[in-house]
Structures are given as structure tokens and as C-alpha cells.
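Asker:
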Amino acid sequence: MPESDAEMRRLLERRSPVLATLQTAPARKPELVAELESSRSTVDRAITELTEAGLVEKDGSEYTMTTAGRLALREYREYERATDAVSLTTAFVNHLPRDAPVSTSLLEGASVTMGADHAPDQALKPSNELFQRATRMRGLAPVVLSFYPSLLAERLGEGDLTVEIVAEPDVLEALPSLPEFGTEPLSEVDGLELYESDQELPYALWIMDTPESSYAGITAYDGGGVVGVLINEVEEAVQWAEDQYAQYREGADEISTAEL
426 MPESDAEMRR LLERRSPVLA TLQTAPARKP ELVAELESSR STVDRAITEL TEAGLVEKDG
486 SEYTMTTAGR LALREYREYE RATDAVSLTT AFVNHLPRDA PVSTSLLEGA SVTMGADHAP
546 DQALKPSNEL FQRATRMRGL APVVLSFYPS LLAERLGEGD LTVEIVAEPD VLEALPSLPE
606 FGTEPLSEVD GLELYESDQE LPYALWIMDT PESSYAGITA YDGGGVVGVL INEVEEAVQW
666 AEDQYAQYRE GADEISTAEL
């Protein structure tokens with residue numbers, strides 16, 4: 426048996442391909458050699474180590490995965506997916522506050538668009554395209570860009586979109602003074618619900634529903650400018666985002682758009 430958790434993790438890192446093969450069906454050593462395209466000696470060592478760890482057992486001439494082996498492989502694969510997701514999104518997530526609540530559920534399967542030095546707004550292109558097709562949007566607004574009010578007013582004026590926004594007090598106070606507030610003020614369009622949060626919002630989290638699918642995302646800012654956008658339509662990611670939004674929405678106070 427491995428003498429420590431660390432040894433078990435190292436064993437899984439080395440021998441997970443053998444466990445993955447046995448997950449499909451029990452196998453004899455020659456079958457494992459052929460399937461894994463490994464030497465007989467390598468398979469021998471792997472089987473010995475996995476058997477001693479209680480992850481594999483011999484049944485006649487075949488080797489089969491134990492219950493512990495099945496559980497260990499499942500958790501190891503979850504670990505691989507999580508670390509891969511963090512690795513692929515590091516450049517983005519490092520722009521979020523260090524204490525911001527972020528789950529690997531949001532990162533796994535996500536696409537990230539980073540802004541370029543000469544064109545930072547290009548990061549917004551994927552989320553803006555989604556917004557043009559959205560029928561419903563919920564979001565947290567710790568900051569507001571100057572063109573957002575007119576963009577919101579334009580889409581809401583089309584009558585096929587509803588929007589809920591939980592914002593910090595400074596954001597709500599700044600809306601009417603923005604130079605691009607829009608030709609049709611937000612107070613005169615239907616479909617918008619605004620909520621004021623007395624909590625500091627950790628990021629610009631949003632969920633958008635389109636006729637085809639639902640999407641979760643975070644827009645990252647640095648010094649007020651956009652540095653990147655992360656988008657994910659995996660069901661677990663959308664559910665995680667919904668849960669996060671609901672927590673802030675529950676503690677916020679609704680305000681009338683006429684107050685803007």
C-alpha cells in the first residue's frame with residue numbers, strides 16, 4: 426500500500442493508463458501489453474504496484490479494477506481536468522481578485538478571449554455577439570463601460586430581451602452621467618430590472634440565454650479597461666454562475682429605473 430497520499434497521487438500519475446484500460450474490462454497481461462503498447466516488464470511493474478495499492482486484483486488469469494481503483498481513477502481524472510482548466514485559463518483568471526470565488530466548473534471547457542494592447546475591446550467581441558442574440562441576461566456589474574447604457578437601451582428597445590443587473594452603488598450613480606447614455610434612456614425602456622448591492626462585487630459575472638443555449642461568462646477589467654472575457658456553455662458552468670448570481674441578487678435591493 427502507498428505510505429502516503431502523495432505516493433498514491435504519484436502512482437496514479439504513472440499508472441492511470443493501466444487503470445483506464447482495465448476500466449473497460451478485465452484483461453490478462455499480454456492483452457495489456459498489446460493495448461498499452463508497452464513492454465512486458467513495464468506492465469509487470471504497473472500491475473504489481475497497483476495490486477499492492479489495492480487498486481487492482483487478480484481473478485484467475487485476468488486482472489480487474491477494484492472498487493478503490495475505480496474511485497481513484499475517477500478522482501484522478503477530475504484532478505487532471507481541473508488542473509488543465511486552470512493551466513489553460515491562467516492568463517485570464519490572474520486578472521481577477523485573488524479572493525474572488527471562482528470554480529473550476531466555470532473554467533473547464535471555457536473559451537477565453539484576451540484583449541490586445543492595440544485593440545483591448547476585441548476581447549468583447551464574443552460576448553457582444555451573444556448579447557445580440559440573447560433573450561435573457563443576468564449579471565453583476567462592479568464597473569460600467571461608457572457604451573454599455575446605449576447598447577442596453579438599443580437591445581431592450583427591440584422588445585425581445587429581458588435584463589437583470591446587480592450593481593454597486595457607484596455604478597448606478599454613474600449611469601446617467603455617462604456621455605453615451607443613449608438616445609432612449611434606460612428609464613424609458615421595458616425589460617430592465619436593476620438591483621443595488623451593498624456588497625463589493627468580485628467580478629463582472631453574467632449569464633445569457635439564447636434560443637440555442639445558455640452561456641456563463643466573466644469579463645475581466647484592469648484599471649477600468651477590458652482585459653479579457655471568459656465564456657462557457659457547459660451545463661455545470663452555467664449552473665455555477667447561476668448560483669453565484671443568485672447569492673448576490675438575494676441580498677440586493679431593487680431600484681426603479683426611473684431613479685436613474
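Under this note's numbering, residue 685 is the last one in the sequence shown; the count climbs by one each step, no gaps.
C-beta: ideal position from N, C-alpha, C; glycine also.
1. Comparing C-alpha positions only, which one of 679, 534, 485 sits nearest to residue 688?
2. Would you be able to state if there are at least three C-beta pairs under 8 Å between the region 581-601 and the region 640-660?
3. Using only CA atoms, which one of 493, 527, 505, 433 lies nearest to residue 665?
4. Just the Cα atoms here: how many angstroms apart are residue 432 and residue 521?
5. Under 9 Å, do residue 491 and residue 477 count as touching if we go by C-beta distance?
6. Whose CA, out of 562, 518, 595, lies closest to the CA of residue 589?
7. Does the Cβ of residue 672 have 16 or more other Cβ atoms within 10 Å, making it buried, or fewer, making it exposed?
8. Less than 8 Å between the CB atoms is what I'm expecting for residue 480 and residue 497, so what's the real figure, rounded?
9. Rounded to a whole number of angstroms, what is the C-alpha to C-alpha distance between residue 596 and residue 438?
10. Pick helix, strand or coil for residue 533, following the three-state DSSP scheme.
11. What do you reckon, are the CB atoms on residue 622 and residue 564 nearer than 9 Å?
12. Going by DSSP in three states, residue 523 sits in which element: helix, strand or coil?
13. When you compare only the Cα positions, how much space is there between residue 463 and residue 654?
14. For the beta strand (DSSP E) that residue 561 lies in, which residues bound it at each end?
Answerer: Taking the definition as stated:
1. The shown model of the chain, from 426 to 685, leaves out residue 688, and the question about it has no answer.
2. no
3. 527
4. 33 Å
5. no
6. 562
7. exposed
8. 6 Å
9. 48 Å
10. coil
11. no
12. coil
13. 43 Å
14. 561-566
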